[in-house]
Ligand code: NI
């Protein structure tokens, strides 16, 4: 009886505080949901991200991620998705997140608004065609964004995801250095920038995952790290 009374109080509080009606309708789940803070408030999370693919090293990278049961986020180029739809599909099937990195990697701040929209929408459509996923994330090439890009992203319902750890893996092309940079710079809530077009970056993945976990990090997708995001807004980390 006491338990039932307590449950009624919990349900009453949820209704009074304006929780959704579905939560109020399933009282058996309501106490557990109320007690549970977002995953990345409870745990030390980091999101590793890979840009510019899918490309030749992506398949090997996906195999490593699957063996290690780690999740990542891939910001893909539309032209690469069109050329390698099976790899794009595998990214999604393996439980990773996929986002827009434009069609062919222009600096979006040099395009007019119609040009920006075309870059975003062609890629949204290519991803959806290959994977059946309508993504809600984008990363502007070079991290270059402005009011025009923001407005186009907002209208396309895409949040802008930048980064807080830059490995410069494209410059060093050295797996040892990439591993060292990620492990020394990652903090709780970091978003780590890498590129799955470089074999050296695929080589680094296993040691990055092991090293981050040894330091207590959980590897999660960008949306799991950030929770709900606002279209057009720019995010660097949690
Ligand atoms: Ni890029």
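Residue numbers (the numbering used here): 2 to 239.
Built from N, CA and C at the ideal position, the CB exists for glycine as well.
The model shown is predicted, which means the values in this text are computed figures rather than measured ones.
Complete beta strand (DSSP E) runs within the region 55–138 (minimum length 3 residues, chain order): 74–77, 98–101
How many angstroms separate the CA atom of residue 92 from the CA atom of residue 138? Their Cα atoms are separated by approximately 15 angstroms.
Under the three-state reduction of DSSP, which class applies to residue 220: helix, strand or coil? Note: residue 220 maps to strand in three-state DSSP.
In three-state terms, what does DSSP make of residue 146? coil
Select from 224, 237, 227 the residue whose C-alpha is nearest the C-alpha of residue 144. Of 224, 237, 227, the residue nearest in Cα terms is 237.
With hydrogens ignored, establish whether the beta-carbon of residue 232 is closer than 7 angstroms to any heavy atom of the ligand NI. Because no heavy atom of the ligand NI lies under 7 angstroms away, the Cβ of residue 232 does not count as near it: no.
Within a Cβ cutoff of 6 angstroms, which residues of the same chain sit near residue 46, ignoring the five residues on either side of it in sequence? Closer than 6 angstroms at the Cβ level, and outside the excluded window around residue 46, lie 219, 221, 226.
Between which two residues does the beta strand (DSSP E) harbouring residue 52 extend? 46–52
Cβ separation of residue 206 and residue 65, assumed to be a contact under 8 angstroms, to the nearest whole Å: 5 angstroms
Need the endpoints of the alpha helix (DSSP H) that residue 178 sits in, please. First-last of the alpha helix (DSSP H) with residue 178: 176–186.
Pocket of the ligand NI defined by Cβ to heavy atom distance under 6 angstroms: So the residues near the ligand NI by this Cβ test are 52, 53, 102, 106, 142.
My understanding is that residue 180 touches residue 193, with C-beta atoms under 8 angstroms, so please give their C-beta distance in whole angstroms. That pair is no contact at about 11 angstroms.
With DSSP collapsed to three states, give me the class of residue 162. strand
Could you give the distance in angstroms between the alpha-carbon of residue 7 and the alpha-carbon of residue 173? In this prediction, residue 7 scores a pLDDT of 48, lower than 50, which makes its location untrustworthy; no coordinate-derived value is stated.
Within its chain, find whatever has a CB closer than 6 angstroms to the CB of residue 62; leave out the 5 residues flanking it on each side and keep chain order. For residue 62, where only same-chain residues beyond five positions count, the Cβ hits under 6 angstroms are 197, 203, 206.
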